[in-house]
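Q: Take 1 as the starting number for the sequence shown in full-length UniProt numbering and just add one per residue.
Would you mind keeping the following structure in view while I ask a few things?
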Amino acid sequence: MAATAPKTLSGEPGRLGTLLRAALPAVPVVNRLPGVRKGAADDFGGLTYVRAGVVADRARVDAYAAVCGFPRKDVVPLTYPHVLAFPLHMAVMSDPTFPYAAMGMVHVENTITAHRAIDVGESLEVATSVGAPRPHARGVLLDFATKVTSGGEVAWESTSTYLRRGRPVDGEPAPGLEVPDPPSGGIRWRLPADLGRTYAAVSGDANPIHLYPLTARALGFPRQIAHGMWTTARSVAAIENRLPAAVTVEVAFKKPVLLPATVAYAARRDRAGWTFALTRPGDGAPHLLGRTSSP
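Here it is, written out as structure tokens:
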């Protein structure tokens, strides 16, 4: 089936309304209602949402930078455009033609390519597209591809890969991101219990698994977990002053960080760029593995 024409997400997306629309398809009986009921996976040909006139607001950029460990600058942090794209991710997942409920989507990998720095206050267009699911041993993978443009020029792009457990699709699963011989040890960061709520306030990602022990337990976690994109941002912030303006960052999310927590961060430079890892100090189990390269 052919992909539909791009849909426009206008105005300031409402966080509460978006989360409600995302949750309804997981509610029995309600998920059969028109406008909530999901389409068949076999009929899904792709979906694109666009936001125009998006501005990287100074106050929001500064609040995000403070939570994630970036310095205050006149350009946005490398990972910040993901915040501008997140409402589009939720719009796609909440769309009735998208065949999977947002609840249960697991962010497993993320790739960011910055082609140039984006100025604070710059007016941008943000577009997110998702195509047909890819095979995975435990279900399917969905690639949410985002492009941020200014004046017709692509300034930043990313691919957020989500796993949806369940019915597979035909095909041979592709290998995920591999980071051979990741660095170990390094410095330790103490992450507070309210980190998920703090990051949600600056990112708009108020998934219940990140907020409180009670809401996390309702979704299968022993207590709240840190956002994967916070661990990405904090890891990038630690080496941000040594990265070029044009760079690609790839990360794979491994074991969740249960809050509060102490984590270990290590980074190593080689010919291709940087490799970095966020691990559990006791046994070295990885929470996040990443690398940088030239775009």
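Idealized CB from N, CA, C, for every residue including glycine.
Note that the structure is predicted; figures quoted are calculated from it, not measured.
Could you spell out where the beta strand (DSSP E) holding residue 124 opens and where it closes?
A: 123 to 130 is the extent of the beta strand (DSSP E) around residue 124.
Q: For a test of the three-state rule: what should DSSP assign to residue 227, helix, strand or coil?
A: Here residue 227 sits in coil by DSSP.
Q: Does DSSP classify residue 29 as helix, strand or coil?
A: For residue 29, the predicted structure reports a pLDDT of 42, less than 50, and the residue's modelled location is therefore unreliable. The matter cannot be settled from this model.
Q: For the segment 257 to 277 against the segment 121 to 137, are there 3 or more C-beta pairs whose distance is under 8 angstroms?
A: Because the criterion of three Cβ pairs below 8 angstroms is not met, the segment 257 to 277 and the segment 121 to 137 do not touch.
Q: With distances taken from CA atoms, which of 137, 253, 81 is nearest residue 116?
A: Minimum Cα distance to residue 116 is reached at 81.
Q: To the nearest angstrom, how far is it from the Cα of residue 212 to the Cα of residue 271?
A: If I take the Cα positions, the gap works out to 42 angstroms.
Q: Please determine if the segment 196 to 210 and the segment 238 to 245 are in contact, where contact requires at least 3 C-beta pairs separated by less than 8 angstroms.
A: Judged by Cβ distances under 8 angstroms, the segment 196 to 210 makes no contact with the segment 238 to 245, as fewer than three pairs qualify.
Q: For residue 118, tell me which candidate among 200, 236, 156 has the shortest Cα-Cα distance.
A: For the residues 200, 236, 156, the minimum Cα distance to residue 118 belongs to 156.
Q: Can you give me the Cβ contacts of residue 49 inside the same chain, cut-off strictly under 6 angstroms, excluding the 5 residues immediately before and after it?
A: Counting only Cβ-Cβ distances below 6 angstroms, and skipping sequence neighbours, we find 7, 9, 88, 91, 92, 128.
Q: Since residue 53 and residue 123 are thought to touch, with beta carbons under 8 angstroms apart, how far apart are those beta carbons, to the nearest angstrom?
A: Correct: roughly 6 angstroms between the Cβ atoms.
Q: Let me know if residue 51 comes out buried or exposed under the rule of 16 or more other beta-carbons within 10 Å of its beta-carbon.
A: Per the 10 Å Cβ criterion, buried.
Q: Going straight from the alpha carbon of residue 182 to that of residue 5, what length do you get?
A: Between residue 182 and residue 5, the C-alpha separation is close to 42 angstroms.
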